[in-house]
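K.L.:
Structure provided below as C-alpha cells; questions to follow.
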Amino acid sequence: MNVWITSDQHWGHSNIIKYTGRPYNDVHEMDADLIAKWNALVGKEDIVWHLGDFCMGDKERVRHYVSQLNGRVRLIKGNHDRYSANEYMNLGFDWCSGYPIIAFKYLILCHEPQFMPPNSIMGCVHGHIHQNTQGPSNAYFNVCVEHHDYSPVNLKDVEKHFRDANNQGEEF
923 MNVWITSDQH
933 WGHSNIIKYT
943 GRPYNDVHEM
953 DADLIAKWNA
963 LVGKEDIVWH
973 LGDFCMGDKE
983 RVRHYVSQLN
993 GRVRLIKGNH
1003 DRYSANEYMN
1013 LGFDWCSGYP
1023 IIAFKYLILC
1033 HEPQFMPPNS
1043 IMGCVHGHIH
1053 QNTQGPSNAY
1063 FNVCVEHHDY
1073 SPVNLKDVEK
1083 HFRDANNQGE
1093 EF
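First residue of the sequence shown? That's 923 in my numbering, and the numbers climb one at a time after it.
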C-alpha cells in the first residue's frame, strides 16, 4: 500500500484552465487526463490525502468523480469544498475534515499554507496556491497538481523533500 497526497484538481471547473494556464483545451480533456494520471499511480488499496478543492458542482458530480478514482480518498476541505464532512463521506470519501491535521509525526496537512516559524521541525504540506511557488521556506511543500504533472505525489517524496531541506536524514 502506498500513501499519496494531492490537491486542487478542480474537476468540472472549466475556468481553472485559464486561471492557472493548464494545458487543456476544455474541461472534459482536463478531467479525463487528471483521472487517468491519478489511476496510473494510485492502487485500489492505496490511501490518498486530498488537500482540498476536489471538484466544482453538486453532490452527484462529486460522487461521479470520486467513484472513478483508485484508492481510499481522505479529504481535507478546501475553500471550494462546500459540503459537510459527513456529506463528503456519504459521497464516497473514506474520511473528511474541515480543518488542518497533523499526520505522519511531523507534517501538517492543510488546504492553505499555514504559518510555519523558521527552523520548525514540522513541515506544512498544502495546496491552494496552484502554480505559484511553494511557501517562503523549506518548511513548505505545495502539492497542487500544477507542480506535479497533474498527478498525486507519493508520501515518500514529500518526506524526502523535508529530510533534504532540513538536513534531518532518516530521523524525519
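All C-beta atoms, glycine included, are put in the ideal place defined by N, C-alpha and C.
(1) Would you list the residues sitting across from Arg1004 in a DSSP beta bridge?
(2) Mind the definition here: the segment 980–989 touches the segment 1030–1049 only if three or more C-beta pairs lie below 8 Å; say whether that holds.
(3) Are there 16 or more other CB atoms within 10 angstroms of the CB of Glu1068, so buried, or fewer, so exposed?
(4) Grab the span of the beta strand (DSSP E) containing His1052 for me, first residue to last.
(5) Can you check the segment 963–1024 for any beta strand (DSSP E) of at least 3 residues that lies completely inside it and give the ranges in chain order?
(6) Where in the segment 1061–1087 do unbroken runs of the beta strand (DSSP E), each at least 3 residues long, occur, reported from the N-terminal end onward?
(7) What whole-angstrom Cβ distance do Ile1023 and Leu1013 have, given they're in contact under 8 Å?
(8) Rounded to whole angstroms, what's the CA-CA distance from Asn1054 to Tyr941? Just pull it up for me.
(9) With which residues is Val949 paired in a DSSP beta bridge?
(10) What did DSSP end up calling Ile1043 once you bin it into helix, strand or coil?
(11) Determine which residues share a DSSP beta bridge with Leu1031 and list them.
(12) Looking at the unbroken beta strand (DSSP E) that takes in Trp933, where does it start and where does it end?
(13) Going by the DSSP bridge assignment, what does Trp926 pair with across the sheet?
(14) What do you reckon, are the CB atoms on His950 and Met978 nearer than 8 Å?
(15) Mapping the DSSP letters down to three states, classify Ile939 as helix, strand or coil.
(16) Between the C-alpha atoms of Cys1066 and Lys981, what's the straight-line distance to the nearest angstrom?
P.N.:
Well, looking at it:
(1) Beta-bridge partners of Arg1004 (DSSP): none assigned.
(2) No, because fewer than three Cβ pairs between the segment 980–989 and the segment 1030–1049 fall closer than 8 Å, the two stretches do not touch.
(3) When all chains shown are included, Glu1068 counts as buried.
(4) Premise fails: His1052 is in no beta strand (DSSP E) and is neither H nor E.
(5) Runs of the beta strand (DSSP E) inside the segment 963–1024: 969–972, 994–998, 1017–1019.
(6) Counting only unbroken stretches of 3 or more residues, the beta strand (DSSP E) elements lying wholly within the segment 1061–1087 are 1062–1064, in sequence order.
(7) Wrong, their Cβ atoms sit about 20 Å apart, outside the cutoff.
(8) Their Cα atoms are separated by approximately 12 Å.
(9) None; Val949 has no bridge partner.
(10) Three-state DSSP puts Ile1043 in coil, outside helix and strand.
(11) The partner list for Leu1031 (beta bridge, DSSP) reads Ile1023, Val1047.
(12) Looking at the DSSP string, Trp933 is not in any beta strand (DSSP E), and its letter there is neither H nor E.
(13) According to DSSP, Trp926 bridges with Val970, Asn1076.
(14) Going by C-beta atoms, His950 is not nearer than 8 Å to Met978.
(15) Ile939 falls in the helix class under three-state DSSP.
(16) Between the alpha carbons of Cys1066 and Lys981 lies a gap of roughly 23 Å.
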